[in-house]
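Below: the structure, in structure tokens.
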Amino acid sequence: MLIASFYKNIRRCASTKAISRAIDLSSEVRSALETNKPVVALESTIITHGMPHPNNLETALSVESIIRDQGAIPATIGVLNGRIKIGLEHKELELLSKPSASAVKTSRRDFPYVLSHNLNGGTTVSGTLMIASHVGIKVFVTGGVGGVHRQGESTLDISADLIEMGRQPIMVVSSGIKSILDIERTLEYLETQGVCVISYGPSKHFPAFYCEKSGFMAPYHVTKPEEAAKVLFQSNELGIGSGILLAVPIPKPFSIDREIMDTSINLALEEADSKGVHGKEITPFVLERVGQITAGKSLKSNIALIKNNAQVGGQVAVEYQKLAETRKRRVILGNVNNKSGNEKVVVVGGAVLDCVMTLQTDLKADGRSLPGKISQTPGGVGRNIADCLGKLRYSGSSSESTTSFISTLGNDQFGQFLMESVKHLNTSVFV
Numbered sequence: 001m002l003i004a005s006f007y008k009n010i011r012r013c014a015s016t017k018a019i020s021r022a023i024d025l026s027s028e029v030r031s032a033l034e035t036n037k038p039v040v041a042l043e044s045t046i047i048t049h050g051m052p053h054p055n056n057l058e059t060a061l062s063v064e065s066i067i068r069d070q071g072a073i074p075a076t077i078g079v080l081n082g083r084i085k086i087g088l089e090h091k092e093l094e095l096l097s098k099p100s101a102s103a104v105k106t107s108r109r110d111f112p113y114v115l116s117h118n119l120n121g122g123t124t125v126s127g128t129l130m131i132a133s134h135v136g137i138k139v140f141v142t143g144g145v146g147g148v149h150r151q152g153e154s155t156l157d158i159s160a161d162l163i164e165m166g167r168q169p170i171m172v173v174s175s176g177i178k179s180i181l182d183i184e185r186t187l188e189y190l191e192t193q194g195v196c197v198i199s200y201g202p203s204k205h206f207p208a209f210y211c212e213k214s215g216f217m218a219p220y221h222v223t224k225p226e227e228a229a230k231v232l233f234q235s236n237e238l239g240i241g242s243g244i245l246l247a248v249p250i251p252k253p254f255s256i257d258r259e260i261m262d263t264s265i266n267l268a269l270e271e272a273d274s275k276g277v278h279g280k281e282i283t284p285f286v287l288e289r290v291g292q293i294t295a296g297k298s299l300k301s302n303i304a305l306i307k308n309n310a311q312v313g314g315q316v317a318v319e320y321q322k323l324a325e326t327r328k329r330r331v332i333l334g335n336v337n338n339k340s341g342n343e344k345v346v347v348v349g350g351a352v353l354d355c356v357m358t359l360q361t362d363l364k365a366d367g368r369s370l371p372g373k374i375s376q377t378p379g380g381v382g383r384n385i386a387d388c389l390g391k392l393r394y395s396g397s398s399s400e401s402t403t404s405f406i407s408t409l410g411n412d413q414f415g416q417f418l419m420e421s422v423k424h425l426n427t428s429v430f431v
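In this text, residue positions in the sequence shown follow the UniProt record's numbering: the first is 1, and each later residue adds one.
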């Protein structure tokens, strides 16, 4: 069982390295992650497909600035020329914001094609979550998440965002679910995926993107960034593995009346159906048409809500990092103060035979034989570490040893020699 677990971890690490080879981290984001500073992930579909140019670029830069003002580091994720970028630079944001970028709306399923063809891509909520989780980012800010489309019970048109939120232990800060979707069924589906849904504010009223209230209630609500951070912290402590949706209502001055919005959405959906617009193209089409029908009011609302979400998300990331640092200090102090000396250690590594030849006369490189001696000693980094640990912790019986050594040995005299050198260890597992 130990060996099976060992090889399972090796396969997982190999998969992680494969993804890493396709990722470029900006120096700012890399430094923040290495020094445990709060980082907030941002998607790029809102730039490539969610807003017209130049509003998209202006909004993206404003959102990053707001996150920095809270004390966190923004990490906008996108794809450029087949490379996944975490922490897009100004010139890269500018490139993606233009229609000439021909960016592909990139969800989890799209990465293999987009990367293999060296394309540009705007990462969706789903795609961004997958990449953010890979590098350990815990907070992600967006405008609104995808969901179950209207008539989804017949078409089975369900956003991959919901599946990914059930897979990744990240808090998604958004203004709920896009109001063009079936919010009631989406909330039910999130429950099935194990996603904790929380409204942000004085009540459990669940927002609907452009509208402050959707008519539905979230199971829970929090009123402060500190509360939201505690929920995220406990989720990660338990190792639940699924995400959290923190639904932040749009600021009141920018909220659109629900009846007006429903009428606009229905008109846009009817037009999409008549024109045969389906799949991943329907959301950007409907958002654009709603913007036209509402004479640009929906665009102003969209910009306002994403900026508000950035403020909340930045604050949550900062508070979460404080909790994580406090826990780390507790663990370190606990390890120092509570050592019993009976902890078990497993060393996995190599065992080799070191052969050292020593000449007993001056070296003359003329082809002659020279007198000398050869010594053989047990070596290998893994074996040496296990040997030292075992001698420090030796209890008098290898069967009771608190140090185990896992390695590969040949079935010959050299293997037997190496086995003898670690007889004070638990060597019951050898390959």
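Positions of the beta carbon are idealized from the N, C-alpha and C atoms, including for glycine.
In the structure shown, residue 241 adopts coil according to DSSP, grouped into three states. The beta carbon of residue 160 lies closer than 8 angstroms to those of 107, 108, 109, 124, 126, 146 in the same chain, with the five residues before and after it left out. The beta carbon of residue 304 sits closer than 6 angstroms to the beta carbons of 251, 254 from its chain, once the five residues preceding and following it are set aside; these are given in chain order. In this structure, residue 121 sits near residue 78, with a CB-CB distance shorter than 8 angstroms. Along the region 280-340, the alpha helix (DSSP H) occurs as fully enclosed runs of 4 or more residues at 282-293, 297-337, listed in sequence order. Residue 415 sits in a helix when the DSSP states are folded into three classes. The Cβ neighbour count for residue 64, taken over all protein chains shown within 10 Å, is at least 16; the residue is labelled buried. As for any alpha helix (DSSP H) of minimum length 4 sitting wholly inside the region 173-252, the runs are 183-192, 225-238, ordered along the chain.
Closest by C-alpha distance to residue 23, out of 34, 148, 83, is 83.
Counting the other Cβ atoms within 10 Å of the Cβ of residue 268 gives 16 or more, which makes it buried. Going by DSSP, residue 152 is part of the alpha helix (DSSP H) stretching over 152-155.
Along the length of the region 14-57, whole beta strand (DSSP E) runs at least 3 residues long occupy 23-25, 39-42, reported in chain order. Its Cα nearest to that of residue 347, the residue 406 stands out among 406, 367, 167, 293. When only Cα atoms are considered, residue 210 and residue 256 end up about 6 angstroms apart. Straight-line measurement puts the Cα of residue 404 at about 5 angstroms from the Cα of residue 426. Within the same chain, and ignoring the five residues on either side of residue 359 in sequence, the residues whose Cβ sits closer than 6 angstroms to its Cβ are 370, 372. Within a 10 Å sphere around the beta-carbon of residue 138 sit 16 or more other beta-carbons, which makes this residue buried. For residue 79, DSSP records a beta bridge to 84, 121. Residue 73 sits in a strand when the DSSP states are folded into three classes. Within its own chain, the residues whose Cβ lies closer than 8 angstroms to the Cβ of residue 25, once the five positions on either side in sequence are excluded, are 33, 86, 87, 135, listed in chain order. At the C-beta level, residue 349 and residue 379 stay beyond 8 angstroms of one another. With distances taken between CA atoms, residue 281 lies nearest to 104 out of 73, 70, 104, 152.
Just so you know, the alpha carbons of residue 168 and residue 133 end up roughly 6 angstroms apart.
With a cut-off of 8 angstroms on Cβ pairs, the region 230-239 is in contact with the region 311-323, counting three or more such pairs.
In this structure residue 312 touches residue 200 by the C-beta definition: roughly 6 angstroms separates them, less than 8 angstroms.
Per DSSP, the unbroken beta strand (DSSP E) holding residue 374 starts and ends at 372-379. Under a 10 Å Cβ-count criterion, residue 76 is classified as buried, with 16 or more other Cβ atoms of the shown protein chains found around its own Cβ.
Residue 47 is positioned such that its CB atom lies closer than 8 angstroms to that of residue 93. Straight through space, the alpha carbons of residue 287 and residue 52 are spaced by roughly 11 angstroms.
Cα atoms of residue 148 and residue 183: separation of roughly 7 angstroms, rounded to the nearest angstrom. Look at residue 135 here: in three-state DSSP terms it is coil, with no helix or strand label. Residue pairing by DSSP puts residue 357 in a beta bridge opposite 374. As the crow flies, the alpha-carbon of residue 196 is around 9 angstroms from that of residue 220.
Counting of Cβ neighbours within 10 angstroms places residue 289 among the buried residues, the total reaching 16 or more.
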